[in-house]
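Engineer:
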Amino acid sequence: MPFFHTKAQIINKLIKTMLKSKLTFFLFLSLIGNIMFAQTVSKYIVVDQFGYRPTAKKVAVLRDPVMGNDEAESFTPGNSYSLVNSANNSKVLTAAPTIWQNGKTDTVAGDKVWWFDFSSVSTPGSYYVLDVQKNVKSYNFDIKEDVYNMVLKQAVRFFFYQRVGFAKKQPYADAAWVDGASHLGPLQ
0 MPFFHTKAQI INKLIKTMLK SKLTFFLFLS LIGNIMFAQT VSKYIVVDQF GYRPTAKKVA
60 VLRDPVMGND EAESFTPGNS YSLVNSANNS KVLTAAPTIW QNGKTDTVAG DKVWWFDFSS
120 VSTPGSYYVL DVQKNVKSYN FDIKEDVYNM VLKQAVRFFF YQRVGFAKKQ PYADAAWVDG
180 ASHLGPLQ
């Protein structure tokens, strides 16, 4: 028997071994199914990275670069978009995207734009926007009442730690970020 095996031999042996255990085989098929049919994140489906409040207007922007640094790329959205609950992958809303300004190119962004409005969804949770035909999606985002609380907390921390002329001490500063006053001398 040779020391090395062909890919076909290895796969054949793996399948035979897994068939001995139905559970292992089922898990293998589930994994392969998820790998084969998983959506990839598209940079052309733009959502609010922080998320949305339940009663806010919620629109995903679908962009086709026309001018600017990515003008060599293109994206034409499919005819059907879905808002998908990322916890269970169930489609919550499906609709056609709406072209913006009759297909004009936005002069600031340099993009031709479509909108996918999902403002009617107000149930808190984690979601993503899916282009059904192209099988590409947005990044995950949250819909919840306090969606901006963490953003505000991090912004205030940023300004606190960047402030000069005073010491950052506990309990206001984390032990890892305690720092003495800086820029106290002239022309600093």
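Residue numbering for the sequence shown follows numbering that gives the first Met the number 0, starting at 0 and increasing by one per position.
Even glycine gets a Cβ: it sits at the ideal position worked out from N, Cα and C.
Remember, it's a predicted structure, so these values are computed and weren't measured experimentally.
(1) For glycine 164 versus alanine 154, is the C-beta spacing smaller than 7 Å?
(2) Rounding to the nearest angstrom, what Cα-Cα distance links tyrosine 160 and lysine 168 in this structure?
(3) Hey, would you say glutamine 38 sits closer than 7 Å to lysine 136, going by beta carbons?
(4) How is valine 150 classed by DSSP in three states: helix, strand or coil?
(5) Provide the residue span of the beta strand (DSSP E) that contains glycine 124, from first to last.
(6) Which whole-angstrom value is the C-beta distance of aspartate 130 and tyrosine 80, which I expect to be below 8 Å?
(7) Given that a residue counts as buried once 16 or more other Cβ atoms are within 10 Å of its Cβ, and exposed if not, what is asparagine 33?
(8) Could you tell me the alpha carbon to alpha carbon distance between threonine 54 and aspartate 178, rounded to whole angstroms?
(9) Do tyrosine 43 and leucine 82 have their C-beta atoms within less than 7 Å of each other?
(10) Let's test the definition: count the other Cβ atoms within 10 Å of the Cβ of lysine 111 and tell me whether it reaches 16, buried, or not, exposed.
(11) Which partner residues does threonine 104 have in the DSSP bridge list?
(12) When the Cα of arginine 156 is compared with those of Val146, Ser121 and Tyr171, which residue comes out closest?
(13) Buried or exposed for tryptophan 191, please, with buried defined as at least 16 other CB atoms from any protein chain shown within 10 angstroms of its CB.
(14) Helix, strand or coil, according to DSSP, for tyrosine 160 in the structure here?
(15) I'd like to check one pair, tryptophan 113 with proline 76: are the Cβ atoms closer than 7 Å?
(16) Just to confirm before moving on: does the CB-CB distance between valine 128 and alanine 86 stay below 7 Å?
(17) Got a sec? Which residues, its chain only, sit under 7 Å from alanine 174 by beta carbon, not counting five neighbours each side?
(18) Put alanine 175 into one of helix, strand or coil per three-state DSSP.
(19) In whole angstroms, what separates the C-alpha of serine 119 from that of serine 89?
(20) Please state whether the Cβ-Cβ distance between tyrosine 138 and valine 40 is less than 7 Å.
Structural biologist: Concretely, from the data shown:
(1) Along the sequence shown, one-based indexing puts residue 164 at 165. Along the sequence shown, one-based indexing puts residue 154 at 155. Their beta carbons are not under 7 Å apart, which means glycine 164 does not touch alanine 154 by this criterion.
(2) Locating residue 160 in the sequence shown gives position 161, counting from the first residue. Locating residue 168 in the sequence shown gives position 169, counting from the first residue. Rounded to the nearest angstrom, the two C-alpha atoms are 10 Å apart.
(3) Residue 38 sits at position 39 when you count from the first residue of the sequence shown. Residue 136 sits at position 137 when you count from the first residue of the sequence shown. With respect to the 7 Å criterion, glutamine 38 and lysine 136 are classified as neighbours on the basis of their beta carbons.
(4) Working through the sequence shown from its first residue, we reach residue 150 at position 151. Valine 150 falls in the helix class under three-state DSSP.
(5) Working through the sequence shown from its first residue, we reach residue 124 at position 125. First-last of the beta strand (DSSP E) with glycine 124: 124-130.
(6) Taking the sequence shown and counting its residues from 1, the one referred to as residue 130 is at position 131. Taking the sequence shown and counting its residues from 1, the one referred to as residue 80 is at position 81. Indeed they touch by this definition, with Cβ atoms about 6 Å apart.
(7) Mapped onto the sequence shown, residue 33 falls at position 34. Note that asparagine 33 scores 43 on pLDDT, short of 50, meaning its location in the model is unreliable and no value can be drawn from it.
(8) Position 55 of the sequence shown holds residue 54. Position 179 of the sequence shown holds residue 178. The alpha-carbon atoms of threonine 54 and aspartate 178 are separated by roughly 41 Å.
(9) Position 44 of the sequence shown, counted from the start, is the residue given in the question as residue 43. Position 83 of the sequence shown, counted from the start, is the residue given in the question as residue 82. Not a contact, by the Cβ cut-off of 7 Å.
(10) Reading the sequence shown from its first residue, position 112 is the one you call residue 111. Flag for lysine 111 reads buried.
(11) The residue you call residue 104 lines up with position 105 of the sequence shown. Paired residue(s): Lys111.
(12) Position 157 of the sequence shown, counting from 1, holds the residue named residue 156. Considering only alpha carbons, the answer is Tyr171.
(13) The requested residue 191 is not part of the displayed model; the chain covers only 0 to 187.
(14) Within the sequence shown, residue 160 is the residue found at index 161, counting from 1. Of the three classes helix, strand and coil, the one that applies to tyrosine 160 here is helix, per DSSP.
(15) Within the sequence shown, residue 76 is the residue found at index 77, counting from 1. Within the sequence shown, residue 113 is the residue found at index 114, counting from 1. Yes.
(16) One-based indexing of the sequence shown puts residue 128 at position 129. One-based indexing of the sequence shown puts residue 86 at position 87. With contacts defined by Cβ atoms closer than 7 Å, valine 128 and alanine 86 do not form a contacting pair.
(17) Looking up residue 174 in the sequence shown gives position 175. Residues of the same chain with their beta carbon placed closer than 7 Å to that of alanine 174 are lacking, with the five preceding and five following residues left out of the count.
(18) If you number the sequence shown from 1, residue 175 lands on position 176. Helix.
(19) Here residue 119 refers to the residue found at position 120 of the sequence shown. Here residue 89 refers to the residue found at position 90 of the sequence shown. In a straight line, the C-alpha of serine 119 is about 16 Å away from that of serine 89.
(20) The count along the sequence shown starts at 1 and reaches residue 138 at position 139. The count along the sequence shown starts at 1 and reaches residue 40 at position 41. Contact: yes.
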